[in-house]
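Please read the structure below before turning to the comments.
Residue numbers (the numbering used here): 16 to 248.
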């Protein structure tokens, strides 16, 4: 009887000892409580835990570069619409204080500055001016005197040609060139204009008819209508 009690007591002690030993170590495969970056031991092998990456704060570490400052020069539109419709109606206009009459597009806005009366609509314009001149202009005089004056006063001037042409009212000198228009207050852009400057002469007076519209606009017929209508009264 004493032997049986001794055997039972021995078994209980062994069980208690095993349970006590197990509570002091981490089971195989479980996470160790060793601080990050310090080695831990599993059996006979040594392993290392990885340090946690730094917490992302939302700030980018990518180097940034400053954007180049935008150019202050206005952008130029080279192919904007500008054809005058075939249905456009023309009405006679007597230039105040002169004996000149010319047909201009009906409904276009009229303005006057420095003796030049200008009719405009969208991107096109017709300018009229009469000045005193003792002799008739020629191709040679235009090249000698007028081209330098235009080159110094016209925005982004680009020379074209100087020729002699005939219209219904008679002979005229034609100067062609390109320029940048005034800045559009809405878009902030300028239009590249093709300009035709006609110089008619009669009895000591020169009539200057300046026609402008976007480069590549097909305004051949409208400009012919205007310049064929020039009359001296």
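All residues carry an ideal CB built from backbone N, CA and C; glycine is no exception.
Keep in mind the model is a prediction, meaning the values are calculated, not measured.
If you check the beta carbons only, do residue i and residue j fall under 8 Å apart?
| i | j | result |
| --- | --- | --- |
| residue 116 | residue 105 | no |
| residue 176 | residue 188 | no |
| residue 256 | residue 122 | The requested residue 256 does not occur in the structure, where the chain is confined to residues 16 to 248. |
| residue 98 | residue 208 | no |
| residue 162 | residue 173 | no |
Below 8 Å on the Cβ atoms is my guess for residue i versus residue j; work out the distance and round it to an integer in Å.
| i | j | result |
| --- | --- | --- |
| residue 170 | residue 194 | 6 Å |
| residue 152 | residue 214 | 5 Å |
| residue 201 | residue 224 | About 28 Å separates the two Cβ atoms, so there is no contact after all. |
| residue 119 | residue 241 | 7 Å |
| residue 124 | residue 113 | 21 Å between Cβ atoms; not a contact. |
Could you tell me the alpha carbon to alpha carbon distance between residue i and residue j, rounded to whole angstroms?
| i | j | result |
| --- | --- | --- |
| residue 206 | residue 102 | 24 Å |
| residue 216 | residue 144 | 12 Å |
| residue 184 | residue 147 | 18 Å |
| residue 219 | residue 247 | 12 Å |
| residue 168 | residue 130 | 16 Å |
| residue 204 | residue 197 | 8 Å |
| residue 154 | residue 222 | 16 Å |
| residue 96 | residue 128 | 26 Å |
| residue 166 | residue 100 | 31 Å |
| residue 159 | residue 137 | 33 Å |
Should residue i be labelled buried (16 or more other beta-carbon atoms within 10 Å of its own) or exposed?
| i | result |
| --- | --- |
| residue 228 | buried |
| residue 139 | buried |
| residue 149 | exposed |
| residue 237 | buried |
| residue 157 | buried |
By Cβ distance, which residues of its chain are closer than 7 Å to residue i, with the 5 residues on each side in sequence left out?
| i | result |
| --- | --- |
| residue 186 | 179 |
Got a sec? Which residues, its chain only, sit under 8 Å from residue i by beta carbon, not counting five neighbours each side?
| i | result |
| --- | --- |
| residue 111 | 132 |
Any chance the CB of residue i is under 7 Å from a heavy atom of the ligand FAD?
| i | result |
| --- | --- |
| residue 216 | Summarising the ligand content, the structure contains no ligands, and the ligand FAD is consequently not present. |
Can you name, in chain order, every residue of its own chain whose Cβ lies under 6 Å from the Cβ of residue i, other than the five neighbours on each side?
| i | result |
| --- | --- |
| residue 191 | 175, 176, 211 |
| residue 126 | 133 |
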